[in-house]
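Participant: Position one of the sequence shown corresponds to residue 4 (the working numbering), numbered consecutively onward. Take a look at the following structure, please.
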Amino acid sequence: MSASRRKAHFELWVIGRAALSDQGPGHKGPSTIQIPVIDLQSTHIASMMEMIREASANLGIFQAANHGIPVSVMDEAVQGVRRFHEQDDEVKKGFYTRDLSSTLVYISNYDLYSSPALNWRDIFFFIYGSVTSAA
4 MSASRRKAHF
14 ELWVIGRAAL
24 SDQGPGHKGP
34 STIQIPVIDL
44 QSTHIASMME
54 MIREASANLG
64 IFQAANHGIP
74 VSVMDEAVQG
84 VRRFHEQDDE
94 VKKGFYTRDL
104 SSTLVYISNY
114 DLYSSPALNW
124 RDIFFFIYGS
134 VTSAA
């Protein structure tokens, strides 16, 4: 491995002191982020769509209310994700990919070469239906 490659590799493991929290790892202090709740049964479609667009662009997240999905289905989805992550690593390896354009992705450290610090977590997602870009 070349010296410049070793330096780049090492820098993935180092984060500047200024970026660290004074409270230490795992600090669960109060959050100032408020997640918008969007009523999907709203009769004001244009307003609802603007709220979705704004929340997606500015926060990347929102809570959907009155979406019609039964709680039992949502609970089973959570259990399914838990069952997937609790499987043996050998089973999960069959799903592993770094191709984020795939419809089914299981990945660790997706931002390995772009983040100032390593992000040690597993991510599993799938895309269902068609994805179109807004023109």
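Cβ coordinates follow ideal geometry from the N, Cα and C atoms, glycine included.
1) Taking C-beta to C-beta, are H70 and D125 nearer than 8 Å?
2) Pull up the distance between the alpha-carbon of L121 and that of I41, whole angstroms please.
3) Between the beta-carbon of T106 and the beta-carbon of F127, is there less than 8 Å?
4) So, for T46: in the same chain, excluding its five sequence neighbours on each side, which residues have a beta-carbon less than 7 Å away from its beta-carbon?
5) My guess is that A60 and L43 are in contact by the Cβ rule of under 8 Å, so how many angstroms apart are they, rounded?
6) With DSSP collapsed to three states, give me the class of I48.
7) Using a 10 Å radius around the Cβ and a threshold of 16 neighbouring Cβ atoms, would you call I36 buried or exposed?
8) Strictly by DSSP, which residues pair up with D42?
Facilitator: Taking the geometry as given:
1) no
2) 33 Å
3) no
4) none
5) A60 to L43, Cβ: 18 Å. No contact.
6) helix
7) exposed
8) A68
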